[in-house]
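Using the numbering used here, read the sequence shown as starting at 240 and increasing by one per residue.
To start, the structure under review is shown below, and the notes come after it.
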Amino acid sequence: MSGADRFDAVVVGGGPGGVTAAVRLAAHGLAVALIEDRLVGGECHYWACNPTKTLIRPIEVLQLARAVPGVR
């Protein structure tokens with residue numbers, strides 16, 4: 240980027256809401272700048288929600304499998 244760059248919209252904050260807003264604006268043909276000083280998409284994608292789901296889901300599947308008659 241240079242000092243001459245121009246944008247139709249500037250989105251401050253790259254969490255889930257900011258990313259969604261930036262993508263929708265860009266999809267409508269606007270030049271969008273997304274400003275984020277940490278993790279784009281928010282913390283959930285990196286160490287909160289998704290890693291936890293990755294650990295919990297196999298246990299749920301194992302419990303379902305054990306509930307099937309004839310499975311040890």
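The C-beta atom is built at its ideal place from N, Cα and C for all residues, glycine as well.
Here the structure is a predicted model, which is why all the values come from computation and not from measurement.
In the structure shown, residue 258 falls within a helical segment according to DSSP collapsed to helix, strand and coil. Our two residues, residue 253 and residue 266, have alpha carbons roughly 17 Å apart in a direct line. Restricting attention to 276, 244 and 268, the CA atom closest to the CA of residue 257 is found in 276. If you draw a straight line from the Cα of residue 248 to the Cα of residue 274, it comes to about 11 Å. Judged by DSSP secondary structure, residue 269 falls outside any beta strand (DSSP E); it is assigned neither H nor E.
In the same chain as residue 263, and ignoring 5 residues on each side of it, no C-beta atom comes closer than 8 Å to its own.
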